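Counting from 1, position 18 in the sequence shown corresponds to residue 18 in full-length UniProt numbering; the numbering is continuous, with no gaps. Inspection log for the structure reproduced underneath, given as structure tokens.
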Amino acid sequence: MRVILLGPPGAGKGTQAKLISEKFNIPHISTGDIFRSNIKGKTPLGIKAKSYIDKGQLVPDEVTIGIVEDRLQKDDCKNGFLLDGFPRTVAQAEALDNIQEKSGKKIDVSLLITVPEQFILERMTGRRVCPSCGGSYHVKFNPPKVEGKCDICGAELIQRKDDTEDTVKKRLTVYNDQTSPLISYYKNNGILSEVDGTDAIDKVFGSISNILGAQE
Ligand code: AP5
Ligand code: MG
Ligand code: ZN
């Protein structure tokens, strides 16, 4: 199964992606995670991406598309994949369609997680992430067992640099301007499904499982 996760920053894409990837046994490909691991490793890609991410802007299409194209060629994507945070512009969606056309395999579902803006600021400013294993938490909605420590590896949790109020507002503007046109793009392609992302994490996952289960 080939799935795209669509939705504003803080919709719960990463949270749901982890659950989907385990249940449906498909690799979770997050462009945001790829950039952040390159930033951590201070690679040339990381240095370039950081200058955009810290400002809440998108990394240019010509950089991002190539990364995803390479990743989709890996063996673990043969039987499907889950894209989280890509595509984010119409140009990226068109590039993805071209990549899929070459392989003769279409995207099955583009899953939109809808969350109104008034929820988003609280979700983003309360998010805490593990710099070591990538675990993700929320101080109120998904707290770790021991305050400030990762459940999985015990490392000290940190706040993402782009989760400050000012940068979240910029990311929302970028989403509305550049990414939300993809909703009609996939509606027109006939593969858009929608879930209400304001429910609790396990309830959202239940709705998603029903949609994806019907695809198998
Ligand atoms: P990226 O890392 O993709 O960030 P994003 O899309 O802004 O989304 P987030 O990761 O912030 O939110 P999420 O939907 O994953 O929510 P989460 O599950 O964590 O991108 C970062 C940057 O990289 C971009 O700004 C851009 O610069 C660059 N980039 C990435 N991809 C790119 C591309 N394709 N092109 C160009 N540039 C690109 O949940 C958020 C919080 O809410 C958590 O604390 C969680 O615990 C909590 N939560 C989740 N679900 C619920 C729920 N149901 N109820 C209550 N709380 C919940
Ligand atoms: Mg995410
Ligand atoms: Zn950890």
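Every residue, glycine too, gets a C-beta built ideally from N, C-alpha and C. In this text, all values refer to a predicted model and were calculated from it rather than measured experimentally.
Taking the alpha-carbon of residue i as reference, which of the options has the nearest alpha-carbon?
i: I201; options: V3, A91, R123; result: R123
i: P116; options: I211, G12, G154; result: G12
i: Q73; options: I120, Q92, L96, T43; result: L96
i: L112; options: S207, K140, F119; result: S207
i: T179; options: A17, Q92, R36; result: Q92
i: V195; options: N210, R71, T114, P143; result: T114
i: K170; options: K55, I29, G32, R2; result: K55
i: L121; options: N188, V90, D162, N25; result: D162
i: D70; options: I29, R36, P44; result: I29
i: S132; options: H138, D151, I4; result: D151
i: L58; options: Q118, V90, K42, S193; result: V90
With hydrogens ignored, establish whether the beta-carbon of residue i is closer than 7 Å to any heavy atom of ligand 1.
i: N142; result: yes
i: Q57; result: yes
i: G46; result: no
i: T64; result: yes
i: R204; result: The amino acid at residue 204 is misidentified as Arg; the sequence shows Val. Yes - ligand 1 has a heavy atom lying nearer than 7 Å to the Cβ of V204.
i: G87; result: Checking the sequence shown, residue 87 turns out to be Pro, not Gly. Result yes, Cβ under 7 Å from ligand 1.
i: A11; result: yes
i: H28; result: no
i: M1; result: no
i: Q92; result: yes
i: A200; result: yes
Checklist line | Below 7 Å from a heavy atom of ligand 2 - residues by beta-carbon | finding: Taking each Cβ in turn, the ones that pass are K13, G14, S30, G32, D84, G85.
Item checked: Residues whose Cβ lies closer than 6 Å to any heavy atom of ligand 3, in chain order -> Checking every Cβ against the heavy atoms of ligand 3 under 6 Å gives C130, S132, C133, G135, C150, I152, C153, A155.
Notebook entry, point to check: Would you call the stretch 36–51 and the stretch 69–87 in contact, with 3 or more CB pairs under 8 Å?
Noted result: No: fewer than three Cβ pairs fall under 8 Å.
Margin query: Check whether the stretch 121–137 and the stretch 86–104 are in contact - that is, three or more C-beta pairs closer than 8 Å.
Written below: At 8 Å Cβ cutoff, the stretches do not touch.
Note to self: Whether or not the stretch 74–82 and the stretch 19–35 are in contact is what I'm after, with contact meaning three or more pairs of Cβ atoms, one per stretch, closer than 8 Å; do they touch?
What the structure shows: Pairwise C-beta distances place the stretch 19–35 in contact with the stretch 74–82, as three or more of them are shorter than 8 Å.
Item checked: the stretch 62–69 touching the stretch 145–158, judged by at least three CB pairs closer than 8 Å -> In short, these stretches do not touch, since the Cβ pair count stays below three.
Next item on the list: Would you mind listing the beta strand (DSSP E) stretches within the stretch 80–112 that are 3+ residues and don't spill past its ends, in chain order?
Entry: Note on the stretch 80–112: whole beta strand (DSSP E) runs with a minimum of 3 residues are 81–84, in chain order.
Check: Which runs of the alpha helix (DSSP H), 4 residues or longer, sit entirely within the stretch 159–202?
Finding: For the stretch 159–202, whole alpha helix (DSSP H) runs of length 4 or above, ordered along the chain, are 165–174, 181–189.
Item checked: Cβ contact (3+ pairs, closer than 8 Å) linking the stretch 1–8 and the stretch 173–187 -> Three or more beta-carbon pairs drawn from the stretch 1–8 and the stretch 173–187 are found closer than 8 Å, and the two stretches are therefore classed as touching.
Note to self: Within 8 Å, do at least three Cβ pairs link the stretch 158–167 to the stretch 104–116?
What the structure shows: Below 8 Å, too few C-beta pairs join the stretch 104–116 and the stretch 158–167 to call them touching: fewer than three.
Next item on the list: Report the residue ranges of all beta strand (DSSP E) runs contained in full by the stretch 2–74; include only those spanning at least 3 residues, in chain order.
Entry: Contiguous beta strand (DSSP E) elements confined to the stretch 2–74 occur at 2–6, 28–30, taking only those with 3 or more residues.
Check: Of all the alpha helix (DSSP H) runs that stay within the bounds of the stretch 107–160, which reach a length of 4 or more residues?
Finding: You should have 117–125.
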